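Presented below is the structure to which this report refers.
Protein chains: 2
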Amino acid sequence: MKKTEIKIYKEILKAEGEWAAKTRESLRKHNILMLNLIGSPGCGKTALLEALLPLLLKKLRCAVLEGDVETARDAERLKDLGIPVSQIITQGTCHLGAQIVNKAVQELPLADLDLIFVENVGNLVCPTEFDIGEAAKLAVLSVTEGEDKPLKYPLLFRKAGAAVLTKIDLLPHLPFDRVKCLEFISQVNGRLPVFEISALKEQGTLTLADWISAFEIG
Amino acid sequence: MKKTEIKIYKEILKAEGEWAAKTRESLRKHNILMLNLIGSPGCGKTALLEALLPLLLKKLRCAVLEGDVETARDAERLKDLGIPVSQIITQGTCHLGAQIVNKAVQELPLADLDLIFVENVGNLVCPTEFDIGEAAKLAVLSVTEGEDKPLKYPLLFRKAGAAVLTKIDLLPHLPFDRVKCLEFISQVNGRLPVFEISALKEQGTLTLADWISAFEIG
């Protein structure tokens with residue numbers, strides 16, 4: 007990048023950082039936990055929410071912000087849960103920005119919430135680089151993607167507060183080396199808790215819901 | 007984006023376009039077909055190459071450019087084929103740029119090649135926006151990602167020369183609606199040929215190899 011480009015990129019990141027700080031402040035004031043789900047297209051982020059929310063709603067008041075390049079299909083999948091769900095359409099942009107997330111957060115009934123899930127745009131690279139004011143990023147990886155992804159896309163696993171391995175019901179049908187995958191995650195981030203989940207078969211969802219319920223906002 | 011940002015973005019795209027044109031000119035001169043594989047992380051792009059190349063090498067002289075954020079793992083998977091394979095590591099960048107691809111293409115033995123595969127960075131969004139001098143983009147979508155992806159990430163399916171549905175051996179174990187997926191692809195791009203493949207079980211690979219062999223550079 008040329009000097010001017012670097013300067014403008016830094017300015018964008020600085021402005022984004024300021025919006026993220028504003029969001030974080032609002033969430034602290036209302037004691038709301040915000041989790042930012044990041045993973046490839048089709049890794050099962052929405053299915054994970056469909057499985058987790060009924061469990062979490064027994065104890066916590068939840069809302070969801072859905073981020074997508076196009077369509078409101080993911081928000082529609084969650085509408086029967088009877089909770090606030092907003093769809094942010096990025097119109098081609100590959101990640102959620104901090105300013106638009108701030109706007110969407112401010113429009114939620116913050117006084118009546120304990121937990122906000124943000125489902126970022128399906129993308130293992132770009133959303134990782136942008137702080138949107140979340141308490142933690144959750145790295146979502148489906149076992150169908152192969153055990154080497156933590157090494158090939160290490161930044162997300164380095165920055166995440168937890169990793170979620172999804173679609174484990176498919177393991178008998180895949181050439182996926184589970185032990186190697188856990189080793190690779192550990193190589194990139196030795197302290198990262200890993201949850202192994204099948205949203206369809208409701209395996210492992212209770213353990214992850216308990217971890218989220220007990221999460222202490224830092 | 008502010009005015010200055012838009013100006014610089016346009017400048018970057020213009021410079022990229024010039025590099026893509028240079029690459030295209032070199033490839034035309036040597037009558038080489040270059041195909042740009044785009045799909046999510048773990049959708050099976052490298053496995054597709056592992057299955058296709060032994061078939062294509064019977065008729066065509068091939069090379070591969072591997073694009074990754076980090077590691078040379080994909081290039082290593084292909085090294086036993088005895089063909090030129092270069093790994094481009096983008097160091098965090100979410101797509102292959104036209105300039106670095108031009109450099110990598112120029113370093114290949116162009117007089118001895120008929121076909122170059124570029125495996126782009128695993129990402130369904132960003133690589134789509136950048137012309138790297140290819141004759142056609144191949145949209146690679148694994149059936150594990152769900153049938154709605156052509157609607158959620160339409161730009162790639164609009165721009166592609168063909169779509170490849172991978173991992174079809176997993177269909178009996180997935181809640182994937184094949185007919186709907188084909189309908190969604192057709193809604194986005196009614197003229198797009200679709201190839202249904204299992205690289206592991208070598209299903210459909212011969213048909214795709216024939217299509218590639220018969221491809222007329224426009």
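Here the protein sequences line up with chains R and A, keeping their order. All the letters of the first sequence, read from the start, carry residue numbers 7 to 224 under the working numbering. All the letters of the second sequence, read from the start, carry residue numbers 7 to 224 under the working numbering. Idealized CB from N, CA, C, for every residue including glycine. This one's a predicted model, so the numbers in the text were calculated from it and none came from an experiment.
### Message
Here's the rule: buried if 16 or more other CB atoms are within 10 angstroms of the residue's CB, otherwise exposed. What is Ala117/A?
### Response
Exposed.
### Task
Mark Gly88/R as exposed unless 16 or more other C-beta atoms lie within 10 angstroms of its C-beta, in which case mark it buried.
Exposed is the call here.
#### Entry: One or two residues paired with Ile95/A in a DSSP bridge
Per the DSSP secondary-structure output, Ile95/A pairs in a beta bridge with Asp74/A.
### Query
Taking a cut of 7 angstroms between CB atoms, which residues from the segment 75-93 of chain A lie near chain R?
Correct list: Val75, Glu76, Thr77, Arg79.
### Query
Can you tell me whether DSSP reads Leu45/R as helix, strand or coil?
Note that residue 45/R is Gly in the sequence shown, not Leu. Here DSSP, grouped into helix, strand and coil, assigns Gly45/R to strand.
### Message
Counting only beta-carbon separations shorter than 8 angstroms, does Pro47/A have a partner in chain R?
### Response
Answer yes: the Cβ-Cβ gap between Pro47/A and chain R drops below 8 angstroms somewhere.
### Task
Identify the continuous beta strand (DSSP E) that holds Glu148/R and give its terminal residues.
At residue 148/R the sequence reads Ser, which differs from the Glu that was named. Taken as a continuous stretch (DSSP letters only), the beta strand (DSSP E) holding Ser148/R covers 142-148.
### Message
Our contact map puts Met40/A next to Glu140/A with C-beta atoms below 8 angstroms; I'd like the distance itself, whole angstroms only.
### Response
About 5 angstroms separates the two Cβ atoms, so the contact holds.
### Query
So, is Gly48/R buried or exposed, given that buried needs 16 or more other C-beta atoms within 10 angstroms?
The residue is buried, with at least 16 neighbouring Cβ atoms inside 10 Å.
#### Entry: Closer than 9 angstroms at the beta carbon, the chain A residues around Ser148/R
Correct list: Gly48, Thr150, Glu151.
### Task
Quick one: which residues of the segment 150-177 of chain R get their C-beta closer than 9 angstroms to a C-beta of chain A? List them in chain order.
Result list: Thr150, Glu151, Gly152, Asp154, Lys155, Leu157, Lys158, Tyr159, Pro160, Leu161, Lys173, Asp175, Leu176.
### Query
Taking C-alpha atoms, which residue in Gly210/A, Ile38/A, Ser46/A lies nearest to Val70/A?
Selected option, being the one with the closest Cα: Ile38/A.
#### Entry: Of the listed residues Gln97/A, His101/A, Gly98/A, Arg79/A, nearest to Val91/A (C-alpha basis)
For the set Gln97/A, His101/A, Gly98/A, Arg79/A, the Cα lying nearest the Cα of Val91/A is the one of Arg79/A.
#### Entry: Within the segment 170-215 of chain R, ranges of the beta strand (DSSP E) (whole runs, at least 3 residues)
Listed in chain order, the complete beta strand (DSSP E) runs (minimum 3 residues) inside the segment 170-215 of chain R are 200-202.
### Task
State buried or exposed for Tyr159/A, treating a residue as buried only when at least 16 other CB atoms are found within 10 Å of its CB.
The residue is buried, with at least 16 neighbouring Cβ atoms inside 10 Å.
### Query
Buried or exposed: Val185/R, going by 16 or more other Cβ atoms within 10 Å of its Cβ?
Exposed, by the Cβ-count rule.
### Message
Strictly under 8 angstroms for the Cβ-Cβ distance: is Leu130/R near chain A by that measure?
### Response
Yes, because at least one Cβ of chain A sits closer than 8 angstroms to the Cβ of Leu130/R.
### Task
Measuring alpha carbon to alpha carbon, tell me which of Lys207/R, Val107/R, Ile12/R, Thr52/R ends up nearest Gly23/R.
Taking Gly23/R as reference, the option from Lys207/R, Val107/R, Ile12/R, Thr52/R with the minimal CA-CA separation is Val107/R.
### Query
Can you give the Cα-Cα distance for Glu151/R and Lys173/A, rounded to whole angstroms?
Just so you know, the alpha carbons of Glu151/R and Lys173/A end up roughly 11 angstroms apart.
### Task
Closer than 9 angstroms by beta-carbon distance: list the chain R residues that pair up with Ile14/A, in chain order.
Listed along chain R are Lys8, Thr10, Glu11, Ile14, each with a C-beta nearer than 9 angstroms to that of Ile14/A.
### Query
Whose C-beta lies closer than 7 angstroms to the C-beta of His101/R among residues of the same chain, with five residues either side of it excluded?
If we look at His101/R and ignore the five residues flanking it on each side, its Cβ neighbours are Asn126, Val127, Asn129, Cys132, Pro133, Phe136.
### Query
Within the 8 angstroms Cβ cut-off, does Val127/A reach chain R?
Val127/A has a beta carbon lying within less than 8 angstroms of a beta carbon in chain R.
### Message
What are the residues in the segment 15-38 of chain R lying within 8 angstroms of chain A by C-beta distance?
### Response
Per Cβ criterion, the list reads Ile18.
### Message
Short of 6 angstroms in beta carbon distance, which residues of its chain neighbour Ser148/R, apart from the five on each side in sequence? Order them along the chain.
### Response
Excluding residues within five positions, the ones whose Cβ falls inside 6 angstroms are Cys49, Gly50, Thr172, Lys173.
### Task
Please list the partners that Cys187/R has in chain A, where partner means a Cβ-to-Cβ separation under 9 angstroms.
Correct list: empty, because the minimum Cβ distance to chain A is about 11 angstroms.
### Task
Answer with buried or exposed for Arg164/A, where buried requires no fewer than 16 other C-beta atoms within 10 angstroms of its C-beta.
Answer is exposed; the Cβ neighbour count stays below 16.
#### Entry: Contact set between the segment 54-72 of chain A and chain R, restricted to residues whose Cβ is under 7 angstroms from the partner
Answer set for the segment 54-72 of chain A: empty.
### Task
Run the CB neighbour count on Gly224/R, radius 10 Å, all protein chains shown included, and call it buried at 16 or more, exposed below.
By the Cβ-count criterion, Gly224/R is exposed, with fewer than 16 other Cβ atoms from all chains shown falling within 10 Å of its own Cβ.
### Query
Going along chain A, which residues have a C-beta under 9 angstroms from Gly98/R?
Residues of chain A passing the Cβ test: Val131, Glu135, Leu161.
### Task
Using the DSSP secondary-structure output, state which residues sit across from Ile106/A in a beta bridge.
Answer by DSSP bridge pairing: none, since Ile106/A is not bridged.
### Query
If Thr29/A sits next to Ile138/A, beta carbons under 8 angstroms apart, how far is it from one beta carbon to the other, in whole angstroms?
That pair is a contact at about 7 angstroms.
### Task
Please confirm whether Ala205/A and Leu59/A have their CB atoms less than 8 angstroms apart.
No, Cβ-Cβ distance for Ala205/A and Leu59/A is not below 8 angstroms.
### Task
Pull up the distance between the alpha-carbon of Arg83/R and that of Thr52/R, whole angstroms please.
The alpha-carbon separation between Arg83/R and Thr52/R amounts to approximately 8 angstroms.
### Query
In its own chain, which residues sit with a C-beta less than 8 angstroms from the C-beta of Ile94/R, not counting the 5 before and 5 after it?
If the five residues before and after Ile94/R are omitted, its C-beta is found closer than 8 angstroms to the C-beta atoms of Leu71, Glu72, Gly73, Asp74, Leu102, Ile106, Val107, Ala110, all from its own chain and listed in chain order.
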